[in-house]
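Below: one structure, written as structure tokens.
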Amino acid sequence: MATITFKGTEVHTAGSLPAVGSKAPDFKLIAGDLSTKSLGDYQGKKVILNVFPSIDTGTCAASVRTFNQKAAGLDNTVVLCISKDLPFAQGRFCAAEGISNVETLSEFKDSSFSDAYQLKLADGPLEGLLSRAVVVIGEDGTVKYTEQVAEVTNEPNYDEALAALA
986 MATITFKGTE
996 VHTAGSLPAV
1006 GSKAPDFKLI
1016 AGDLSTKSLG
1026 DYQGKKVILN
1036 VFPSIDTGTC
1046 AASVRTFNQK
1056 AAGLDNTVVL
1066 CISKDLPFAQ
1076 GRFCAAEGIS
1086 NVETLSEFKD
1096 SSFSDAYQLK
1106 LADGPLEGLL
1116 SRAVVVIGED
1126 GTVKYTEQVA
1136 EVTNEPNYDE
1146 ALAALA
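Here our numbering is used: the first residue of the sequence shown is 986, the next is one more, and so on.
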């Protein structure tokens, strides 16, 4: 269980992120066209998992915008923006913002992603949603970098995540 804060109040996640150097756990998430995606769909690519509670908050939206800008120049890399928001809301946000360099995925159907990555908030006002985190997975499927953001309302460290791609 990771201890983080939400607006300064202590909250907890279901567990800890996978260890750097370990094989990245597989998952099932739902794409905008309602198809099911798994980590295997991105085999051979570098993958950035940008995880957040809801695309309808300022900080979450900022992380999607920032990764969208930074992803434009990345070689053999996909950025997956993951929340429990419905794919329709994720798609509406991306269309309104002109976001096209990242892929949004939803955990609305099952919890295989949050179970594998231990990111479900276990208590507090956002209980049941995903905590803010970044996981970088190499082309070989191993975890290269993780960040469990200590304060849910803060943005992740984009520069450290992108440096892990090298």
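We put the CB at the ideal spot given by N, CA and C, even for glycine.
The beta carbon of residue 1100 is closer than 8 Å to those of 999 in its chain, skipping five residues each way along the sequence. Distance from the Cα of residue 1018 is smallest, within the candidate group 1052, 1075 and 1030, for 1075.
In the DSSP annotation of this structure, the continuous segment of the beta strand (DSSP E) that includes residue 991 starts and ends at 988-991. Taken in chain order, the complete alpha helix (DSSP H) segments of 4 residues or longer contained in the region 1049-1115 are 1072-1082 and 1097-1102.
Between residue 1137 and residue 1117 a beta carbon distance of about 5 Å is seen, short of the 8 Å cut, so the two are scored as contacting. A distance of 8 Å or more separates the beta carbons of residue 1020 and residue 1013. For residue 1143, the uninterrupted alpha helix (DSSP H) segment begins and ends at 1143-1148. Here the region 1004-1012 makes contact with the region 1127-1136; the two share three or more CB pairs at distances below 8 Å.
The beta-carbon distance between residue 1135 and residue 989, rounded to whole angstroms, is 5 Å. This is short enough to meet the 8 Å contact definition. Distance between residue 1141 and residue 1064, taken at the CA atoms: about 14 Å.
Nearest to residue 1061 by C-alpha distance, out of 1108, 1133, 1042 and 1027, is 1027. Around the C-beta of residue 1145, fewer than 16 other C-beta atoms lie within 10 Å, and the residue is accordingly described as exposed.
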